[in-house]
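Data block below; observations after.
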Amino acid sequence: VARHLDGALRVIESLDLSTLAPAKWLALARGKQLSGRLAFDGLLEDISVRPIDLRLGQARLTGAVSLSGGVVHADRLMASLPGASLDATGTIELAKRRLELNLKLAVADLGSWLQRFEAPKFARSLSATATGRGTIDAVTADTRLSMSDVPGVGRVDGSFARLRMTAASIAG
1360 VARHLDGALR VIESLDLSTL APAKWLALAR GKQLSGRLAF DGLLEDISVR
1410 PIDLRLGQAR LTGAVSLSGG VVHADRLMAS LPGASLDATG TIELAKRRLE
1460 LNLKLAVADL GSWLQRFEAP KFARSLSATA TGRGTIDAVT ADTRLSMSDV
1510 PGVGRVDGSF ARLRMTAASI AG
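Numbering (the numbering used here), first residue to last: 1360 to 1531.
Below, the structure written as structure tokens:
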């Protein structure tokens, strides 16, 4: 049985995902049409997917990802929506459930995002970087953030060394 994969997927005519994707995803992407391309090469347990360039409505996913020796490698994997982007680079060891990720978040219109989550507007924009290490259930991160147009303050810059997050604390 051949286990080697080598190919490319290109969505020439956009696909309507309105019956396949959750309505919340489509609303967030502000569209239901999937288009783009990706190429893959390797074995089922050792595969590289690059380049990735997919669009769903106004959302876009670019970059590269690979799986080798039970380790997922993300290389400048970027998810973006109008006014916001998240860039991830790093590794996740599946068997050990360990990760080391570098994340970069940029939100140009923070007010509209906060409104979607029914949260009060406290700044115009937000940018943050984080380097996280640990297990899927407990991550320690070094984080830097910057917010602009904070009422009564203006600009706020901060950093958190060794910020610890657990699955229980995130779930509430």
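Where is the CB? At the ideal position from N, CA and C, for every residue including glycine.
A quick note: this is a predicted structure, and the numbers were derived from the prediction, not measured.
Provide the residue span of the beta strand (DSSP E) that contains residue i, from first to last.
i	result
Ser1486	1484 to 1494
Leu1426	1418 to 1427
Arg1456	No beta strand (DSSP E) holds Arg1456; DSSP gives it neither H nor E.
Residues in its own chain within less than 8 angstroms of residue i by CB, not counting five upstream and five downstream?
i	result
Pro1321	Here the chain comprises residues numbered 1360 to 1531, so residue 1321 is not present and cannot be evaluated.
Lys1480	Leu1469, Gly1470, Leu1473, Gln1474
Thr1494	Lys1455, Arg1456, Arg1457, Leu1458
By alpha-carbon positions, which one of the options ends up nearest to residue i?
i	options	result
Glu1459	Asp1434, Ser1507, Gly1449	Gly1449
Gly1350	Ala1482, Ser1377, Ala1467	For the chain, the structure presents residues 1360 to 1531; residue 1350 sits outside this window and is missing.
Leu1464	Leu1385, Ser1486, Gly1493, Ala1367	Ser1486
Thr1502	Val1515, Asp1434, Ala1520	Ala1520
Arg1533	Glu1452, Gln1392, Leu1403, Ile1371	The structure shown does not extend to residue 1533, since the chain spans only 1360 to 1531, so no value can be given for it.
Arg1457	Gly1429, Val1509, Arg1475	Gly1429
Going by DSSP, name the residue or residues bridged to residue i.
i	result
Arg1523	Thr1499
Val1532	Since the displayed the chain opens at 1360 and closes at 1531, residue 1532 lies outside it and no answer follows.
Asp1516	Ser1505
Ala1433	Val1424, Gly1449
Lys1463	Asp1446, Thr1488
Given residue i, which residues of its chain have a CB within under 6 angstroms of its CB, disregarding the five upstream and five downstream residues?
i	result
Met1524	Val1498
His1432	Ser1425, Thr1450
Since residue i is in the alpha helix (DSSP H), which residue starts that stretch and which ends it?
i	result
Lys1383	1382 to 1388
Ser1407	Note, Ser1407: premise wrong, no alpha helix (DSSP H); beta strand (DSSP E) at 1405 to 1415.
Please list, in chain order, all residues of the same chain as residue i whose beta carbon is under 7 angstroms from its beta carbon, the five residues on each side excluded.
i	result
Ser1507	Ala1482, Arg1483, Ser1484, Arg1514
(message) When you compare the segment 1464 to 1473 with the segment 1438 to 1456, are there three or more beta-carbon pairs, one atom per stretch, that lie closer than 8 angstroms?
(response) Remark: three or more beta-carbon pairs, one from each stretch, lie closer than 8 angstroms, so the segment 1464 to 1473 and the segment 1438 to 1456 are flagged as touching.
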